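J.:
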Amino acid sequence: DAGITQSPRHKVTETGTPVTLRCHQTENHRYMYWYRQDPGHGLRLIHYSYGVKDTDKGEVSDGYSVSRSKTEDFLLTLESATSSQTSVYFCAIGQATFSGANVLTFGAGSRLTVL
Amino acid sequence: DAKTTQPTSMDCAEGRAANLPCNHSTISGNEYVYWYRQIHSQGPQYIIHGLKNNETNEMASLIITEDRKSSTLILPHATLRDTAVYYCIVRVNYGQNFVFGPGTRLSVLP
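Chains A and B supply the protein sequences, listed in that same order. Going from the first sequence to this note's numbering is simple: count from 1 and add 1334. Going from the second sequence to this note's numbering is simple: count from 1 and add 81.
Next comes the structure, spelled out in structure tokens:
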């Protein structure tokens, strides 16, 4: 376990409300990622971060913003939640290996339901 | 974009070897192939990765063809707890987007 904690683990909210998911790590890794998982789509990258205040978009970033003010925390915000954002959200950290590979370690997931 | 192709599902008898294939014909020259698995709705779990040579760790073996266009993950003695969705993934254009397709649903049967 790489010390990754996601919160909340489950959330039900209404369309139009803001939602923030938190990913917390305890091992000072530089790279952090947010993925969403939907039936038939596998996992899709939303945003990632390569350091404090350094973030970039993934393939499904519309409707999401992120922030990383501290190494240990990577926040995913839905400014105005829509039903299409009902999903399971996974945070991951990236660990470089001696050979130059980048191994991801995932959190337990946050299940979000937007009514 | 580098993508992978895997069978949708496979069955394996408990105690036998499970061989999961993956095609990644567009993989870039210096990109690794990574394998993960996901049990029920848990977060994906890293299994193994490789570049050109075959690799083995305590969980599995990875066989990569010489032309690097395909690979096979081998679970030498599958158990019921190995029932999961297995993902073969590569990065896109050396970036940070690790593309997870639908994967292979492996069912280990008693």
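C-beta atoms are modelled at their ideal positions from N, C-alpha and C, and glycine is treated no differently. Keep in mind the model is a prediction, meaning the values are calculated, not measured.
Give a yes or no on whether the C-beta atoms belonging to Ser1421 of chain A and Lys1345 of chain A are separated by under 8 Å.
T.: Residue numbering aside, residue 1421 of chain A sits at position 87 when the first sequence is read from its first letter. Residue numbering aside, residue 1345 of chain A sits at position 11 when the first sequence is read from its first letter. For Ser1421 of chain A and Lys1345 of chain A, no; Cβs fall outside 8 Å.
J.: I'd like to know if the segment 1425 to 1438 of chain A and the segment 1392 to 1399 of chain A are in contact, where contact means that at least 3 CB-CB pairs between them fall below 8 Å.
T.: Flag = no, the segment 1425 to 1438 of chain A and the segment 1392 to 1399 of chain A do not touch.
J.: What does the Cβ neighbour count give for Arg1343 of chain A, buried or exposed, with the cut at 16 atoms within 10 Å?
T.: For the purposes of this step, residue 1343 of chain A is identified with residue 9 of the first sequence, where counting begins at 1. Answer is exposed; the Cβ neighbour count stays below 16.
J.: One question on the structure: do His130 of chain B and Val1386 of chain A come within less than 8 Å of each other, judged by their Cβ atoms?
T.: In the second sequence, the residue the question calls residue 130 of chain B occupies position 49. In the first sequence, the residue the question calls residue 1386 of chain A occupies position 52. No, Cβ-Cβ distance for His130 of chain B and Val1386 of chain A is not below 8 Å.
J.: How is Gln1340 of chain A classed by DSSP in three states: helix, strand or coil?
T.: By one-based count along the first sequence, residue 1340 of chain A stands at place 6. Reduced to three states, the DSSP call for Gln1340 of chain A is strand.
J.: Helix, strand or coil: which one does DSSP assign to Gln87 of chain B?
T.: Position 6 of the second sequence, counting from 1, holds the residue named residue 87 of chain B. Coil, per DSSP.
J.: For my contact list, Leu190 of chain B and Leu154 of chain B are in at a C-beta cut-off of 8 Å; report their separation, rounded to the angstrom.
T.: The residue labelled residue 190 of chain B in the question sits at position 109 within the second sequence. The residue labelled residue 154 of chain B in the question sits at position 73 within the second sequence. About 18 Å separates the two Cβ atoms, so there is no contact after all.
J.: For Phe1432 of chain A, which residues of its own chain have a beta-carbon under 8 Å away from its beta-carbon, when the five flanking residues on both sides are left out?
T.: One-based indexing of the first sequence puts residue 1432 of chain A at position 98. Taken in chain order, the list of residues that qualify is empty.
J.: Do Tyr1369 of chain A and Gln177 of chain B have their C-beta atoms within less than 8 Å of each other?
T.: Your numbering for residue 1369 of chain A matches position 35 in the first sequence. Your numbering for residue 177 of chain B matches position 96 in the second sequence. No; because the gap between Cβ atoms is not below 8 Å, this pair is not in contact.
J.: Please name the residues in the segment 1410 to 1421 of chain A whose beta-carbon is closer than 7 Å to at least one beta-carbon of chain B, in chain order.
T.: Those would be none; no residue qualifies.
J.: So, for Leu1355 of chain A: in the same chain, excluding its five sequence neighbours on each side, which residues have a beta-carbon less than 6 Å away from its beta-carbon?
T.: Your numbering for residue 1355 of chain A matches position 21 in the first sequence. These residues qualify, in order along the chain: Leu1410, Tyr1423, Ser1444.
J.: Beta-carbon within less than 7 Å of Gly184 of chain B's beta-carbon, same chain only, minus the 5 sequence neighbours each way: which residues are those?
T.: Residue mapping note: residue 184 of chain B aligns to position 103 of the second sequence, counting from 1. Same-chain partners within the cutoff: Gln87, Val166, Tyr167, Tyr168.
J.: Who are the near neighbours of Thr1447 of chain A in its chain, counting only those whose CB is closer than 6 Å to its CB and skipping five residues on each side?
T.: The residue given as residue 1447 of chain A occupies position 113 in the first sequence. Correct list, in chain order: Val1346, Thr1420.
J.: Assign Ile1338 of chain A to one of two classes, buried (16 or more other C-beta atoms within 10 Å of its C-beta) or exposed (fewer than that).
T.: Within the first sequence, numbered from 1, the residue matching residue 1338 of chain A stands at position 4. By the neighbour-count rule (16 or more Cβ atoms within 10 Å), Ile1338 of chain A is buried.
J.: Per DSSP, what kind of secondary structure is Ser109 of chain B in: helix, strand or coil?
T.: Your numbering for residue 109 of chain B matches position 28 in the second sequence. DSSP places Ser109 of chain B in coil when its eight states are reduced to three.
J.: For the beta strand (DSSP E) containing Val171 of chain B, name the first residue and the last one.
T.: In the second sequence, the residue the question calls residue 171 of chain B occupies position 90. Run containing Val171 of chain B: 165 to 172, per the beta strand (DSSP E) assignment.
J.: On the criterion of 16 or more Cβ atoms from any shown chain inside 10 Å, does Ala94 of chain B qualify as buried, or is it exposed?
T.: Reading the second sequence from its first residue, position 13 is the one you call residue 94 of chain B. That one is exposed.
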